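Chains as they are written, first to last, in the working numbering: chain W, 2 to 235; chain P, 2 to 235. C-beta atoms are modelled at their ideal positions from N, C-alpha and C, and glycine is treated no differently. Bear in mind the structure is a predicted one, so any value in this text is a computation, not a measurement. Scroll down for the structure; my scribbles are underneath it.
Number of protein chains: 2
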Amino acid sequence: MNSQAGINLDISSDSIVDRVYEQLKAMAISYEFKPGERLNEGELAKRLGVSRTPLREALNRLNTEGFLRFTPGKGFFCRELDAHEIFDLYELRKSLEIASVRLAIKRAKDEDIDALLAFLQATGPDPGERSSVELVELDETFHERLMAMSGNAEMLRVLRNVNARIRFVRWIDMDRINRSNTQAEHRAVVEGLKARDEETCVTVLEKHIDRRLDRITSAIKEGYAQIYMPAARG
Amino acid sequence: MNSQAGINLDISSDSIVDRVYEQLKAMAISYEFKPGERLNEGELAKRLGVSRTPLREALNRLNTEGFLRFTPGKGFFCRELDAHEIFDLYELRKSLEIASVRLAIKRAKDEDIDALLAFLQATGPDPGERSSVELVELDETFHERLMAMSGNAEMLRVLRNVNARIRFVRWIDMDRINRSNTQAEHRAVVEGLKARDEETCVTVLEKHIDRRLDRITSAIKEGYAQIYMPAARG
DNA sequence: GCATTCAATACTGAATACAAGACTGAACGC
DNA sequence: GCGTTCAGTCTTGTATTCAGTATTGAATGC
Numbered sequence: 002m003n004s005q006a007g008i009n010l011d012i013s014s015d016s017i018v019d020r021v022y023e024q025l026k027a028m029a030i031s032y033e034f035k036p037g038e039r040l041n042e043g044e045l046a047k048r049l050g051v052s053r054t055p056l057r058e059a060l061n062r063l064n065t066e067g068f069l070r071f072t073p074g075k076g077f078f079c080r081e082l083d084a085h086e087i088f089d090l091y092e093l094r095k096s097l098e099i100a101s102v103r104l105a106i107k108r109a110k111d112e113d114i115d116a117l118l119a120f121l122q123a124t125g126p127d128p129g130e131r132s133s134v135e136l137v138e139l140d141e142t143f144h145e146r147l148m149a150m151s152g153n154a155e156m157l158r159v160l161r162n163v164n165a166r167i168r169f170v171r172w173i174d175m176d177r178i179n180r181s182n183t184q185a186e187h188r189a190v191v192e193g194l195k196a197r198d199e200e201t202c203v204t205v206l207e208k209h210i211d212r213r214l215d216r217i218t219s220a221i222k223e224g225y226a227q228i229y230m231p232a233a234r235g
Numbered sequence: 002m003n004s005q006a007g008i009n010l011d012i013s014s015d016s017i018v019d020r021v022y023e024q025l026k027a028m029a030i031s032y033e034f035k036p037g038e039r040l041n042e043g044e045l046a047k048r049l050g051v052s053r054t055p056l057r058e059a060l061n062r063l064n065t066e067g068f069l070r071f072t073p074g075k076g077f078f079c080r081e082l083d084a085h086e087i088f089d090l091y092e093l094r095k096s097l098e099i100a101s102v103r104l105a106i107k108r109a110k111d112e113d114i115d116a117l118l119a120f121l122q123a124t125g126p127d128p129g130e131r132s133s134v135e136l137v138e139l140d141e142t143f144h145e146r147l148m149a150m151s152g153n154a155e156m157l158r159v160l161r162n163v164n165a166r167i168r169f170v171r172w173i174d175m176d177r178i179n180r181s182n183t184q185a186e187h188r189a190v191v192e193g194l195k196a197r198d199e200e201t202c203v204t205v206l207e208k209h210i211d212r213r214l215d216r217i218t219s220a221i222k223e224g225y226a227q228i229y230m231p232a233a234r235g
């Protein structure tokens, strides 16, 4: 049985494909491409300073991961900002997290739980002003570490994919979230985990995610506004 | 709100990449490649009668979907028959199915439920002898249709990926499954769904999947045997 | 004035060619 | 005899090229 801490899906490499992949993913996540826009391979390749071959490999990866859409004979398209899809992804995330915390209650090592508490402690006070992007990153890290304690690498893999795909919406969403509330809920989940109290964990987590789910519709509307204001990104 | 029946992730095309992708996936699923084996791109390309370019696109897809492993500078490798990974996938599947049936109870249309019952009726009697492969296919179809009734396309997408990755193990597993038992359990879930009885659905489904989970370890051992007996596949 | 068709252009799909890096085997030194 | 190093070969990584197809725009006919 491998340790929870041993789960690591990182693949670090510096090949051109990987670099292009990361660049494109960042672009796709931040909707630097307009929803529905077709991506011109030649132009993109020139812009990124690579040939079409590695570019297409990267585009294909992003397609299978759901960041882009591909139509044979037509090419790659930026995905639409589909409210239903975002909703589905949130629902998927909720299901995964609740299932994983149930597993974590049985499997998590006390030292890992304490480490997560320490992480919350360290990142909690919110010194000065954190950007929305940073807050989402911290939030994702917390939830991924929580899931890692389930010991299930496949669930973690899916969660990471989901998180990346809903990240843009969350950037907007995070602006209006009560940060200290979030912090308290996170702590409550981990405390519940430490006490091996399944009901508390599941209940808090469920509400915690549901609260965000409620705001999605309006967040998406704001999303559209932000997408069409390139000034915000420079 | 789009209909449950409207969910369709099929992308049918006849491009070389798609064809090669399907061929490779079939090969990967059936472990025609030996676990851990490195795939020689040039040789594979020649064997499949295509150039390396579309082959690599297909290989990349399979890598992101977890059917193959890729190491930069080294190439593509057949995934190991990892008991822990299979276990994780089963656990993921169980989590997804239980979550989705809860959603289906709220959302499924009676006509869709009846259609699924009809499907069970039609495929139930098991005329003559069905092969293990066919049984798995029927089983997957049932579970995917059940999940489609949750209305969540993303969960369905993940389930399909999971199913494909554990298919090989299930072929072996299915041999020793009590078919009429399975049939009865499937029916019980759908009946529970029709009655909007969450507890019944979840309980039956949980046991249904757990029962398979129990056999995985031994199934994997047999799997190794079958992998190294190419005669069985011709 | 509008629709339809044809041609030109541009883009994707795939193959080939070339470069860079990894592995293998032998030979040399310790 | 064993280890290390170097060279040759093989494989992957990327670019370029060519072919096929879709789209767009203009011109002609109704």
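query, result
"Grab me the residues of P231/W's own chain with a C-beta within less than 7 Å of its C-beta, minus the 5 sequence neighbours each way, in chain order.", "Because P231/W carries a pLDDT of 43, less than 50, the predicted location of this residue cannot be relied on, and the following value inherits that uncertainty. Closer than 7 Å at Cβ, skipping near neighbours: no residue."
"Excluding the 5 residues flanking L104/W on each side, which residues of the same chain have their C-beta closer than 6 Å to its C-beta?", "S151"
"Quick one: any contact between the region 162-181 of chain W and the region 62-74 of chain W, if contact means 3 or more CB pairs under 8 Å?", "yes"
"To which residues of the same chain is T183/W closer than 8 Å at the C-beta, ignoring the five residues directly before and after it?", "D140 and H209"
"According to DSSP, is G76/P helix, strand or coil?", "strand"
"Since M150/W is in the alpha helix (DSSP H), which residue starts that stretch and which ends it?", "M150/W -> no alpha helix (DSSP H), and no H or E assigned at all."
"When DSSP labels each residue in this structure, what does L82/W get in the three-state scheme?", "coil"
"Given that a residue counts as buried once 16 or more other Cβ atoms are within 10 Å of its Cβ, and exposed if not, what is A27/W?", "exposed"
"List the whole-angstrom C-beta distance separating A29/W from C79/W, where the pair is believed to meet the contact cut-off of C-beta under 8 Å.", "7 Å"
"With H, G and I counted as helix, E and B as strand and the rest as coil, what does DSSP make of R39/W?", "strand"
"On the three-state DSSP scale, how would you describe F68/W?", "coil"
"Can you name the start and end residues of the alpha helix (DSSP H) that E23/W belongs to?", "I17 to I30"
"Rank S132/W, L97/W, D19/W and I217/W by C-alpha distance to the C-alpha of V159/P and give the top, closest one.", "L97/W"
"Report back the beta-carbon spacing between K95/P and E207/P to the nearest angstrom; my notes put them in contact at under 8 Å.", "7 Å"
"So with CB distances below 7 Å, who are the chain W contacts of S237/P?", "Any answer about residue 237/P is impossible in this case: the structure gives chain P only from 2 up to 235."
"Tell me where the alpha helix (DSSP H) around G195/W begins and ends.", "The residue you asked about is not Gly; residue 195/W is Lys in the sequence shown. From DSSP, the alpha helix (DSSP H) with K195/W extends over R180 to K195."
"Give every residue of the same chain whose Cβ lies closer than 8 Å to the Cβ of T72/W, excluding the five residues on either side of it in the sequence, and list them in chain order.", "F78"
"Report the option in E92/P, V51/P, G37/P and W172/P whose CA atom is closest to the CA atom of K75/P.", "G37/P"
"Give me the Cα-Cα distance between Y91/P and R20/W, rounded to the nearest whole angstrom.", "33 Å"
"Decide if V18/P is buried, meaning its Cβ has at least 16 other Cβ atoms within 10 Å, or exposed.", "buried"
"Compile a chain-ordered list of the residues in the region 95-111 of chain W whose CB is closer than 9 Å to at least one CB of chain P.", "K95, S96, L97, I99, A100, S101, R103 and L104"
"Residues of chain P with CB under 7 Å from R62/W, in chain order?", "N61 and T65"
"Please name the residue in R216/P, L60/P, R212/P and T201/P whose C-alpha comes closest to that of V102/P.", "T201/P"
"Mind checking if E145/P is an interface residue toward chain W, Cβ cutoff 9 Å exclusive?", "no"
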